[in-house]
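Inspection log for the structure reproduced underneath, given as structure tokens.
In this note's numbering, the protein residues as written are 411 to 819.
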């Protein structure tokens, strides 16, 4: 990844954020983001296929290769997709001007996405914007050629963007049941991209009890030759803090938390209603500590949003060196993974999901420890492998000890 000059600005306005969908899959992701709601960020669709472009709900559109492909697609040829983007370079450059954060959504393996996205990322970088690419890679059954083209594009994007977050469509299949339709399987990645972008933007765009600024986001995402990791979960009820963390860790992008074991920096954002307690935050952070190295820098932020009611959400953002990520991927391909006992019965499990309304209703106070009154915590497990199970096993008696934050606000 490329370095980025840091700023002390803690939050940024919506008008400084632009989300770009490149190619057909990118346009689908953009439509999902628009339907889910993005609260003011500008949306731009870029595609060679004029029919797909016309049907997009994005208010701003750029046709790539108007003279080259004459409104048709790129035929799965990345070179043609790149040439089409070059033809529209001036339009793209103008659309990116004066933006501080640019998100690029793209499905790799085909022609327009694989060929045009690297050019868009380069132009965004040249504008001085913090550039984050959200890319999906093909299902295994789509063939070796598409996967090879996706890998080439990933290598290019890794050298151009500040951060690269990849969603393997084969792994996204873990989010849907085997008997669900093909459309649901393909849309799983669209949902996760939408949820990821909404979570990240709300973290840096809205003030909270403990703010996470753009500098913190860059620290979590920007590291040389790395791929970014993301997980988010929401839970209700008695053990909501532990359950929300577990829901975030079971995201396919985190491989049940194992991918966090070698990270240097982890960004954590917690959002809850007015009844969220300091004790819950302490339990949550202690649970997370079993999945990250002792030397890891943890960037913590939290906010109270009355709209959350009795729910609590956790968002985790980190990065991992590419060579380590590839090693983990190879190991996973040689193993057969079956759901752990009870996983299918966990209430509110929504791997990789985020919550609309994060960071609303922020305040001025900071996160403090549980205070002078010592809180009884559950015993530590001997192994990080036991931590997900431990998160489900908090005795009900300890829940009665939770202090009531709402009484102090």
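Backbone N, C-alpha and C define an ideal beta-carbon position, used for all residues, glycine too.
Can you grab the Cα-Cα spacing for the pair residue i / residue j, in whole Å?
i	j	result
residue 556	residue 710	39 angstroms
residue 686	residue 722	8 angstroms
residue 669	residue 440	28 angstroms
residue 511	residue 573	11 angstroms
residue 662	residue 694	20 angstroms
residue 671	residue 654	19 angstroms
residue 463	residue 438	10 angstroms
residue 426	residue 443	17 angstroms
residue 688	residue 727	22 angstroms
residue 461	residue 455	12 angstroms
residue 599	residue 692	32 angstroms
residue 435	residue 552	14 angstroms
residue 675	residue 447	29 angstroms
residue 703	residue 630	15 angstroms
residue 665	residue 640	10 angstroms
residue 569	residue 699	31 angstroms
residue 537	residue 684	41 angstroms
residue 478	residue 539	29 angstroms
residue 596	residue 625	34 angstroms
Would you list the residues sitting across from residue i in a DSSP beta bridge?
i	result
residue 679	711 and 725
residue 642	725
residue 541	512
residue 546	517 and 577
residue 502	DSSP, once it has assigned bridges, lists no residue as partnering residue 502.
residue 431	455 and 515
residue 473	457
residue 620	712
When the Cα of residue i is compared with those of the options, which residue comes out closest?
i	options	result
residue 720	691, 664, 730 and 644	644
residue 517	669, 654 and 562	562
residue 620	489, 549, 482 and 712	712
residue 508	493, 535 and 613	535
residue 647	718, 560, 627 and 426	718
residue 480	494, 467 and 679	494
residue 559	527, 539, 543 and 540	527
residue 476	458, 433 and 690	458
residue 603	513, 533 and 549	513
residue 452	505, 487, 725 and 482	505
residue 651	696, 638 and 665	696
residue 571	541, 642 and 626	541
residue 592	606, 549 and 569	549
residue 677	657, 684, 638 and 433	638
residue 679	673, 537, 708 and 445	708
residue 466	433, 539 and 729	433
residue 449	684, 607, 730 and 706	607
Let me know the secondary structure DSSP gives residue i once reduced to three states.
i	result
residue 578	strand
residue 480	coil
residue 426	helix
residue 654	helix
residue 685	coil
residue 523	helix
residue 701	coil
residue 436	helix
residue 664	coil
residue 626	helix
residue 557	helix
residue 491	helix
residue 671	coil
residue 466	coil
residue 507	coil
residue 602	helix
residue 448	coil
residue 720	coil
residue 534	helix
Less than 6 angstroms between C-beta atoms, sequence neighbours within five positions excluded: which residues of the same chain meet that for residue i?
i	result
residue 490	484 and 521
residue 578	547
residue 667	659 and 701
residue 431	437, 439, 440, 455 and 515
residue 503	533
residue 488	521, 524, 525 and 559
residue 501	472
Using a Cβ-Cβ cutoff of less than 7 angstroms, which residues in the same chain neighbour residue i once the five nearest sequence positions on both sides are dropped?
i	result
residue 567	527, 528, 531, 543, 545 and 574
residue 601	442
residue 581	662
residue 611	427 and 451
residue 469	453
residue 486	520 and 521
Who are the near neighbours of residue i in its chain, counting only those whose CB is closer than 8 angstroms to its CB and skipping five residues on each side?
i	result
residue 564	518, 545, 547, 574 and 576
residue 690	650, 651, 682, 722 and 812
residue 474	456, 457, 458, 491, 494, 495, 497, 498, 522 and 526
residue 673	639, 702, 703, 706, 728, 729 and 730
Determine whether the Cβ of residue i lies closer than 9 angstroms to any Cβ atom of chain B.
i	result
residue 594	Of the protein chains in the structure, only one exists, and it is not chain B.
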